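Protein chains in written order, with UniProt numbering: chain E, 1 to 68; chain W, 1 to 68; chain A, 1 to 68; chain Z, 1 to 68; chain C, 1 to 68; chain B, 1 to 68. Beta carbons are placed, not taken as given, at the ideal position from N, Cα and C, and that holds for glycine. Just so we're clear, the structure is a prediction, and the values are computed from it rather than from any experiment.
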């Protein structure tokens with residue numbers, strides 16, 4: 001499946017923390033460049049996400065702000 | 001101002017395209033790693049965004065999905 | 001690629017309207033059940049979206065509110 | 001109150017799971033077509049959401065991606 | 001219809017600007033406190049939004065960041 | 001850092017509730033006008049957010065719906 005989301009950034013999972021319903025996953029895109037994702041625990045289980053996995057951070061362009 | 005957003009990714013603007021109300025801005029985080037942002041034209045004017053500017057892509061972690 | 005997004009709703013495109021930078025796409029999930037999507041023109045071109053295409057509406061669960 | 005959100009999809013609640021702060025609610029729009037929502041526990045309490053309730057899933061069109 | 005969104009902020013429209021597909025609407029919540037909204041042109045037409053209208057800005061709590 | 005987000009609403013924190021991974025923070029913008037924010041626990045710790053702090057609610061205009 002190809003996505004309309006303009007940002008599909010490949011990386012590797014460096015941390016997975018599950019909460020009661022919401023999980024936090026950290027993805028390293030490049031050395032020192034880490035993206036933080038908050039998803040459902042169900043998604044973590046369904047995709048069997050774990051440290052070391054090759055994944056992509058997927059972000060809709062309307063969710064990207066700019067700071068200058 | 002320090003932000004609660006967990007993703008503040010530094011880069012450089014490589015493209016700015018203004019529409020009638022919505023603008024598209026591309027930010028290069030690293031060679032070949034470009035993030036696409038859709039913001040208001042007013043924001044582009046207010047921040048005087050132009051190609052070459054050092055900026056950050058700011059993304060709330062609840063807006064980051066994962067693909068595997 | 002499998003996604004963390006919990007909502008991947010299959011349907012068929014019934015309308016595509018491109019603006020200057022933002023496009024609107026309507027997807028029929030079931031007879032009379034239409035989902036409205038606002039994406040970039042670039043995504044419409046990249047995926048070659050047109051009326052009749054079989055596609056999925058992809059929605060992160062944190063973007064779904066409830067009205068009662 | 002009428003909403004600007006273009007997606008107001010009627011259905012019935014089939015599951016409510018409360019976490020520590022975030023709750024997950026599943027809404028069946030049609031047989032086999034279930035939408036997953038992550039909202040605050042406070043919203044679940046305030047709307048007294050429970051299995052069997054007739055509700056609508058409310059989604060802003062800028063939060064709908066397309067996969068093809 | 002009662003909403004799960006925790007932020008329903010009453011105000012008055014002070015500006016409406018339609019683009020090709022996306023419109024911008026400004027809502028004054030209190031003297032000098034203006035909220036900016038980007039919605040579809042279709043929503044502006046459907047709700048017949050115009051300057052002076054009493055409306056509410058509706059925002060999901062997961063879309064509110066904090067700066068300090 | 002100046003932000004593209006069009007809504008940067010100054011106020012004062014009136015409540016902080018941490019969950020397992022997600023925290024809820026309430027910000028009073030004006031007497032009786034409270035904004036509810038759901039952010040990560042890490043952000044609460046990183047910004048040392050506590051009741052009484054002068055902060056801003058930061059909201060992207062594409063995340064603001066309108067009810068009439």
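Per DSSP, the unbroken alpha helix (DSSP H) holding residue 43 of chain Z starts and ends at 41-46. Bounds of the beta strand (DSSP E) holding residue 16 of chain W are 7-18.
Straight through space, the alpha carbons of residue 24 of chain W and residue 4 of chain B are spaced by roughly 12 Å. Contact check for residue 40 of chain Z and residue 37 of chain C: beta-carbon distance about 21 Å, past the 8 Å limit, so the pair fails to qualify. Distance from the Cα of residue 18 of chain Z is smallest, within the candidate group Z:33, Z:1, Z:49 and Z:9, for Z:49. Sequence-ordered contacts of the region 53-67 of chain B with chain C read 53, 54, 55, 56, 57, 58, 59, 60, 61, 62, 63, 64, 65, 66 and 67 [C-beta pairs closer than 9 Å].
By the CB criterion at 9 Å, residue 11 of chain A and residue 35 of chain A fall inside the cutoff.
DSSP places residue 4 of chain B in the coil class of the three-state scheme, outside both helix and strand. A distance below 6 Å between beta-carbons, with the five flanking residues on each side excluded, links residue 6 of chain E to the following residues of its chain, in chain order: 61. Not one beta carbon of chain B lies nearer than 9 Å to the beta carbon of residue 4 of chain C. Residue 64 of chain W is positioned such that its CB atom lies closer than 9 Å to that of residue 59 of chain E. Within a 10 Å sphere around the beta-carbon of residue 52 of chain A sit fewer than 16 other beta-carbons, which makes this residue exposed. Annotation for residue 21 of chain A: no beta strand (DSSP E) segment contains it, and DSSP assigns it neither H nor E.
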